[in-house]
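Numbering (the numbering used here), first residue to last: 13 to 376.
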C-alpha cells in the first residue's frame with residue numbers, strides 16, 4: 013500500500029466480506045493470534061517461497077509442516093492501481109489549503125475533506141456542459157468565461173476545488189465569486205487565492221446571500237455550506253438569476269421543524285411527529301422534497317442525491333438542478349399543493365418566489 017506494507021485480513025459472513033489492514037509487526041502478530049484462536053483444525057498458508065500447513069489434532073496438538081516451492085511465485089501487482097481522482101492529491105490546491113503533509117500526502121485529519129472534494133466534483137462533472145451551453149450568450153462560444161458563484165462559501169475548500177477542476181481539468185475559462193457573511197473567511201480565502209496565483213480569476217465578497225450584487229448573472233450557482241433558510245435564500249437568488257445549473261447541499265432544516273411544531277399535523281401523522289428524532293428526520297425529508305418540487309415548478313430538471321457517505325453525516329442530501337425553462341405540469345402543481353395542505357406548512361422557498369411563479373401561491 014502507499015503507506016507501506018500491511019497485513020490484509022478478509023473474512024466473510026452470509027452476506028458480505030469484511031476487510032481490514034494492519035501494520036506489520038506487533039499489530040499483525042496480534043491479529044494472527046486472534047485468527048489462530050478461531051475453532052479451525054486446518055490452516056493453509058500459501059507464501060511466495062513456501063507453503064505452510066498447520067493442523068490441530070483432536071487432542072489439540074499442533075502439527076506444523078513447511079514445504080519450499082520449486083520456484084518462487086511472482087507477486088501479481090495488477091491490483092495495485094492508483095485510484096482515479098477528479099483532483100489528485102498532488103494538486104497545488106491541497107497544499108495551499110493546508111491539507112497536505114511535508115511529503116505531499118493528504119493529512120489524516122483532512123481525509124474526509126478530501127473525499128468531500130472528490131464527491132462534489134463527481135456531482136459537478138456531468139453538468140459542466142449544461143452550465144457552459146445554457147449560460148447567457150453561451151459561455152466560451154461568446155468568448156466570455158464561465159461565471160460561478162458560491163453562496164455561503166465559508167473557507168472555500170469546495171469553491172477552490174470547483175475552480176481548479178473547471179480550469180485545469182475541464183479546461184473551461186472560469187471566473188468565480190465566493191460570498192460569505194464572514195470578513196475573516198474572506199481574508200483567509202483571499203490569501204489562498206494569492207498562494208495559487210489566481211486572485212484575478214476568483215474573488216470573495218463579505219456579505220449576505222440576499223444582498224450580494226454580481227456584475228453578471230452566473231452560469232453555475234453553488235450553495236454547499238448555507239444553513240437553514242440561507243439555503244432557500246441561495247436557491248431563490250439562483251432562480252431569479254435564471255442560473256443554468258444549481259448545486260446545493262443543505263446542512264440543517266429548522267424552518268419546517270418550527271412549522272410542524274407550531275401547527276402539528278393531523279392524525280395519523282402525529283404518530284411520527286410525537287417523537288422528536290422522527291419529527292426532525294421527517295422535517296429534513298420534507299424540506300428537501302419541497303425545495304426540489306419548487307425548483308421543478310420554476311422550470312428546472314431536479315435530482316436529489318447522496319453527497320457524502322451517511323457514515324460521515326446524516327444530512328447528506330444534495331440537490332442538482334438544470335434549468336430547462338419548461339412550464340410546470342399540472343400534476344406537479346397539484347401534488348405540490350396537496351403536500352403543503354397535508355403537512356400544513358408553507359415552504360420558505362415558495363414564499364420567496366411566488367411573485368415570479370404564481371403557481372407557488374398557497375391555496376386556501
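Beta carbons are placed, not taken as given, at the ideal position from N, Cα and C, and that holds for glycine.
- Under the three-state reduction of DSSP, residue 23 is assigned to strand.
- Contact between residue 109 and residue 251 does not hold, since their C-beta atoms are separated by about 31 angstroms, which reaches or exceeds 8 angstroms.
- Inside the segment 114-200, DSSP marks whole beta strand (DSSP E) runs of 3 or more residues at positions 158-163 and 186-192, from first to last along the chain.
- Counting only the Cα atoms, residue 65 lies some 6 angstroms from residue 55.
- Under the three-state reduction of DSSP, residue 265 is assigned to coil, being neither helix nor strand.
- Under the three-state reduction of DSSP, residue 364 is assigned to helix.
- With a minimum length of 4 residues, the unbroken runs of alpha helix (DSSP H) contained wholly in the segment 274-346 fall at 282-285 and 288-309.
- Contact between residue 261 and residue 246 does not hold, since their C-beta atoms are separated by about 11 angstroms, which reaches or exceeds 8 angstroms.
- Residue 184 places its beta carbon 8 angstroms or farther from that of residue 135.
- In its chain, beyond the 5 residues on either side, 332 have a beta carbon closer than 7 angstroms to the beta carbon of residue 315.
- The Cβ-Cβ distance between residue 264 and residue 240 falls below 8 angstroms.
- Between residue 232 and residue 173, the CB-CB gap reaches or exceeds 8 angstroms.
- Comparing alpha-carbon positions, the option among 67, 267 and 71 lying closest to residue 292 turns out to be 267.
- Under the three-state reduction of DSSP output, residue 35 falls in the strand class.
- Listed in chain order, the non-local C-beta contacts of residue 130 below 8 angstroms within the same chain comprise 97, 98 and 99, local neighbours out to five positions each way being set aside.
- In the DSSP assignment, residue 69 falls outside any beta strand (DSSP E) and carries neither an H nor an E.
- Here residue 217 is bridged, per DSSP, to 191.
- For residue 256, the closest C-alpha among the options 336, 127 and 223 is that of 336.
- At the C-beta level, residue 193 and residue 155 stay beyond 8 angstroms of one another.
- In the structure shown, residue 204 adopts helical secondary structure according to DSSP, grouped into three states.
- Assignment of residue 55 by DSSP, reduced to helix, strand and coil, places it in the strand class.
- Contact between residue 294 and residue 285 holds: their C-beta atoms lie close to 7 angstroms from each other, under 8 angstroms.
- Below 8 angstroms, enough C-beta pairs join the segment 17-27 and the segment 37-53 to call them touching: three or more.
- Annotated three-state conformation of residue 369 is coil, per DSSP.
- Of the other Cβ atoms in all chains shown, fewer than 16 fall within 10 Å of the Cβ of residue 354; this residue is therefore exposed.
- The DSSP-derived three-state label of residue 46 is helix.
- Ranked by Cα distance from residue 52, the options 69, 215, 105 and 60 are led by 69.
- Cα atoms of residue 207 and residue 303: separation of roughly 37 angstroms, rounded to the nearest angstrom.
- If you draw a straight line from the Cα of residue 36 to the Cα of residue 217, it comes to about 50 angstroms.
- Per DSSP, residue 251 is one residue of the alpha helix (DSSP H) stretching across 241-252.
- Sixteen is the threshold: since fewer than 16 other Cβ atoms of the shown chains lie within 10 Å of the Cβ of residue 289, the residue is exposed.
- Boundaries of the beta strand (DSSP E) around residue 260: 257-260.
- Apart from sequence neighbours up to five positions away, the residues of its chain that approach residue 204 with a beta-carbon distance below 8 angstroms are 108, 109, 168 and 172, ordered along the chain.
- Judged by DSSP secondary structure, residue 108 falls within the alpha helix (DSSP H) whose first and last residues are 104-108.
- Here residue 146 is actually not in contact with residue 187; their C-beta atoms are around 17 angstroms apart, not less than 8 angstroms.
- Taken atom to atom, the span from the alpha-carbon of residue 111 to that of residue 359 is near 38 angstroms.
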